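Residue 885 is where the sequence shown starts when you use the numbering used here, and the numbers rise one by one after that.
Every residue, glycine too, gets a C-beta built ideally from N, C-alpha and C.
Bear in mind the structure is a predicted one, so any value in this text is a computation, not a measurement.
Working notes for the structure below.
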Amino acid sequence: MSLTFSDKKDGKEVTGSKNLEAVIRTLRIPCIFLIASRLLPLVAANAQEQTVRLIHADSLVGYSLNGDSYRDLVGHVVMQRGNTTLNCDRAVQNMTLDIVDLYGNVRVEDDTLTLRTKHGTYFGKTSTVSSDSAVYLNDRRRTLTADRGNYNTDTKVAQFFGDVFVRDSASQLTSDQLIYYREEEKTFADVNVRIKSLENNITVRGFHFEDYSKRNYSLMTGEPLLVQIDTSSDGKIDTMMITSLIMEAYRDSANERFIAKDSVQIIRGSLSAHCGYGIYFSKDSMVVLEKEPVVWHEDNQLTGDSITVYIRDKKIDHVVVDGAAFAVSQSDSIFADRYNQLKGKKLTMYLNDRKVDHIIVENNATSLYYLYDKNKPNGVNRVSGDRVVMYFKDGKIERIAVISGVEGTYYPEKLVKGGVDSYNLAGFIYYRNRPEKSEFPREWTKISQLDK
885 MSLTFSDKKD GKEVTGSKNL EAVIRTLRIP CIFLIASRLL PLVAANAQEQ
935 TVRLIHADSL VGYSLNGDSY RDLVGHVVMQ RGNTTLNCDR AVQNMTLDIV
985 DLYGNVRVED DTLTLRTKHG TYFGKTSTVS SDSAVYLNDR RRTLTADRGN
1035 YNTDTKVAQF FGDVFVRDSA SQLTSDQLIY YREEEKTFAD VNVRIKSLEN
1085 NITVRGFHFE DYSKRNYSLM TGEPLLVQID TSSDGKIDTM MITSLIMEAY
1135 RDSANERFIA KDSVQIIRGS LSAHCGYGIY FSKDSMVVLE KEPVVWHEDN
1185 QLTGDSITVY IRDKKIDHVV VDGAAFAVSQ SDSIFADRYN QLKGKKLTMY
1235 LNDRKVDHII VENNATSLYY LYDKNKPNGV NRVSGDRVVM YFKDGKIERI
1285 AVISGVEGTY YPEKLVKGGV DSYNLAGFIY YRNRPEKSEF PREWTKISQL
1335 DK
């Protein structure tokens, strides 16, 4: 392409043409030098950041092997790439592939993180240090050991495998494998995961664990099991076990709580329960059960819209049932189809020395209890009032007190015999799926033995 131009020279008009591409090239040359002068320092600085630089070594030997250039560094070796420092007794650096093998007292420092091992390899192209020997990691208030692992100094992601053990000021964790995201402050652990709280002696185990430190939240799935072992003031060991499909923990300083979701089962001493949703408030020593909860204590069964178990001095103190409250207990082991019953809007069961002392039912309270004369059945009493209190002795009903608005009916044995079911209170259900210790994973016994 040509460019036509005109000009005046010595008073005469001169015309001609020049090649446009030549003009552009002429104008571009100064621009290229200008841009290059600005970019070259940046490129050089970036190249320096991406290159593993030698800071110190007692001796250095260079050689070539199979077309690659090597440096063999011995004695107090210190190398650096960006903010990452590599320390070891000996290093073999492949200059061509940007790989460094580190031997003896290997220490990798990246900001506040320090990783130690006997032998490791640093891959410059991926910014990853890897070790197939035992590793130790320290990152501020957290320490970790494992059979092997790797750490990416760019993404700040660490992976560990085999006999992983993590400890901080409040807890310790073991698993078969773990991924630690430093910048996000989150941790994923898998296979044989076990976490123990050093503050409240709670241990949770499962197959998959996620922890989000910034949110003070963690999650356990894969047959999770929570175990807390307490020693009460009378010296007796009382173990609480909870299983569910999902377990969550919120570590708020003022309101630490554990949440169990779906197929929840609980056992503590002579109390057992199942429900669809449960919350354990560790600081308040309180368990709240929702979604069709059922609680058993000795021979008593409690049901309602929600049930709250209160623990005092590491022993169950009382149980509160709110909404459609119903209590059932077998009246006599010989007459298995006869159940004493209590119902109302609210029910509270009080315990004394781990045994039921009395039960209070309020608001539209109704009781049904069977009578016996010299171990022979003698009919049934049905009583209602604003409030009914049932007192127990040695696990059996001793007496019943009805307060305000009292109404009652006695049905003699000749009417009751053969038609016991027809006298049950409305809403009566006796559940036969009470959780037993034998149904819990065997792991709970191992945990109990370790923590005693």
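Nonlocal neighbours in the same chain, by C-beta distance under 6 Å from residue i, ignoring five residues either side
{"i": "Asn-1022", "result": "Thr-998"}
{"i": "Tyr-1295", "result": "Gly-1263, Val-1264"}
{"i": "Glu-1140", "result": "Ser-1166, Lys-1167"}
{"i": "Ser-1017", "result": "Thr-1001, Lys-1002, His-1003"}
{"i": "Leu-926", "result": "Summary for Leu-926: the model assigns pLDDT 38, below 50, so the residue's position carries little reliability; its value from the coordinates is reported in the next sentence. Cβ neighbours of Leu-926 beyond the five flanking positions: none."}
{"i": "Val-961", "result": "Ala-941, Cys-972, Ala-975"}
{"i": "Glu-1067", "result": "Lys-1040"}
{"i": "Leu-1028", "result": "Leu-1021, Val-1050"}
{"i": "Asp-1172", "result": "Per the sequence presented here, residue 1172 reads as Val, with Asp not at that position. Cβ neighbours of Val-1172 beyond the five flanking positions: Ile-1163, Thr-1192."}
{"i": "Phe-1324", "result": "Met-1125"}
{"i": "Asp-1396", "result": "No information on residue 1396 is available, as it lies outside the stretch 885 to 1336 that the chain covers here."}
{"i": "Arg-1318", "result": "Ser-1156, Trp-1180"}
{"i": "Ser-1169", "result": "Ile-1195"}
{"i": "Gln-1149", "result": "Thr-1127, His-1158, Pro-1319"}
{"i": "Ala-1144", "result": "Ile-1126, Ser-1128, Met-1131, Gly-1162"}
{"i": "Glu-1069", "result": "Ser-1097, Lys-1098"}
Integer-rounded CB distance, given that residue j should sit under 8 Å from residue i
{"i": "Val-1273", "j": "Ile-1313", "result": "Wrong, their Cβ atoms sit about 23 Å apart, outside the cutoff."}
{"i": "Arg-1266", "j": "Glu-1246", "result": "About 18 Å; that fails the 8 Å criterion."}
{"i": "Ile-1079", "j": "Phe-1093", "result": "7 Å"}
{"i": "Pro-1108", "j": "Thr-1127", "result": "7 Å"}
{"i": "Tyr-1064", "j": "Ala-1042", "result": "4 Å"}
{"i": "Asn-1034", "j": "Ser-1014", "result": "4 Å"}
{"i": "Asp-1216", "j": "Tyr-1275", "result": "No, Asp-1216 and Tyr-1275 are not in contact; Cβ-Cβ is about 18 Å, not under 8 Å."}
{"i": "Asn-1076", "j": "Gln-1112", "result": "No, Asn-1076 and Gln-1112 are not in contact; Cβ-Cβ is about 20 Å, not under 8 Å."}
{"i": "Asp-995", "j": "Asn-1036", "result": "13 Å between Cβ atoms; not a contact."}
Residues bridged to residue i [DSSP beta-bridge criterion]
{"i": "Glu-1291", "result": "Ser-1268"}
{"i": "Ala-1054", "result": "Answer is none; Ala-1054 lacks a bridge partner."}
{"i": "Phe-1072", "result": "Ile-1063, Glu-1094"}
{"i": "Asn-1036", "result": "Thr-1012, Val-1041"}
{"i": "Leu-1231", "result": "Val-1205, Val-1245"}
{"i": "Ile-939", "result": "Per DSSP, none; premise fails for Ile-939."}
{"i": "Arg-1078", "result": "Thr-1058, Arg-1089"}
{"i": "Arg-1024", "result": "None; Arg-1024 has no bridge partner."}
{"i": "Thr-1187", "result": "Val-1178, Phe-1210"}
{"i": "Arg-974", "result": "Val-958, Tyr-987"}
{"i": "Ser-1166", "result": "DSSP lists no partner for Ser-1166."}
{"i": "Glu-1132", "result": "Leu-1103, Ile-1143"}
{"i": "Ile-1218", "result": "Beta-bridge pairing links Ile-1218 to no other residue."}
{"i": "Arg-965", "result": "Thr-968"}
{"i": "Ala-1157", "result": "Ile-1150, Val-1179"}
{"i": "Thr-1123", "result": "Ile-1113"}
{"i": "Asp-952", "result": "Leu-949"}
{"i": "Arg-1000", "result": "Arg-991, Tyr-1020"}
{"i": "Arg-1283", "result": "Tyr-1275"}
Beta-carbon spacing of residue i, residue j below 8 Å
{"i": "Thr-969", "j": "Glu-993", "result": "yes"}
{"i": "Lys-1199", "j": "Asp-1122", "result": "yes"}
{"i": "Leu-1062", "j": "Phe-1044", "result": "yes"}
{"i": "Ala-1073", "j": "Asp-1047", "result": "no"}
{"i": "Tyr-1307", "j": "Leu-1252", "result": "yes"}
{"i": "Gln-977", "j": "Arg-955", "result": "yes"}
{"i": "Asn-1248", "j": "Gly-1279", "result": "no"}
{"i": "Ala-1211", "j": "Leu-1186", "result": "yes"}
{"i": "Leu-1231", "j": "Gly-1188", "result": "yes"}
{"i": "Leu-1235", "j": "Asp-1183", "result": "no"}
{"i": "Leu-986", "j": "Asp-952", "result": "no"}
{"i": "Gly-1311", "j": "Val-1290", "result": "no"}
{"i": "Met-979", "j": "Arg-937", "result": "no"}
{"i": "Glu-1297", "j": "Pro-1261", "result": "yes"}
{"i": "Asp-1038", "j": "Thr-1071", "result": "no"}
{"i": "Leu-1082", "j": "Ser-1102", "result": "no"}
{"i": "Gln-1214", "j": "Leu-1309", "result": "no"}
{"i": "Thr-1010", "j": "Arg-965", "result": "no"}
Cβ-based neighbour list, residue i, same chain, cut-off 7 Å, excluding 5 preceding and 5 following
{"i": "Ser-1147", "result": "Ser-1128, Leu-1129"}
{"i": "Asp-1052", "result": "Arg-1025, Arg-1026"}
{"i": "Leu-923", "result": "Per-residue confidence for Leu-923 stands at a pLDDT of 44, beneath the threshold of 50, marking its modelled position as unreliable; no derived number is given."}
{"i": "Asp-1206", "result": "Gly-1188, Asp-1189, Ser-1190, Lys-1230"}
{"i": "Ser-943", "result": "Val-958, Gly-959"}
{"i": "Asn-989", "result": "Cys-972, Asp-973"}
{"i": "Gly-1106", "result": "Gly-1090, Phe-1091, His-1092"}
{"i": "His-1242", "result": "Tyr-1234, Val-1273, Met-1274, Tyr-1275, Phe-1276"}
{"i": "Lys-1258", "result": "none"}
Near the ligand ATP: residue i beta-carbon under 7 Å from a heavy atom
{"i": "Arg-1222", "result": "Absent from the structure shown: the ligand ATP. Ligands present: none."}
Spatial neighbours of residue i in its chain, beta-carbon cut-off 8 Å, leaving aside the 5 residues before and after
{"i": "Val-984", "result": "Val-936, Met-963, Leu-970, Ala-975, Val-976, Gln-977, Asn-978, Thr-1005, Tyr-1006, Gly-1008"}
{"i": "Lys-1175", "result": "Cys-1159, Gly-1160, Tyr-1161"}
{"i": "Ser-948", "result": "Tyr-954"}
Any 3 or more C-beta pairs closer than 8 Å across the stretch 1116-1135 and the stretch 1299-1307: no
Segment contact flag, the stretch 1282-1296 with the stretch 1153-1167, C-beta cutoff 8 Å, min 3 pairs: no
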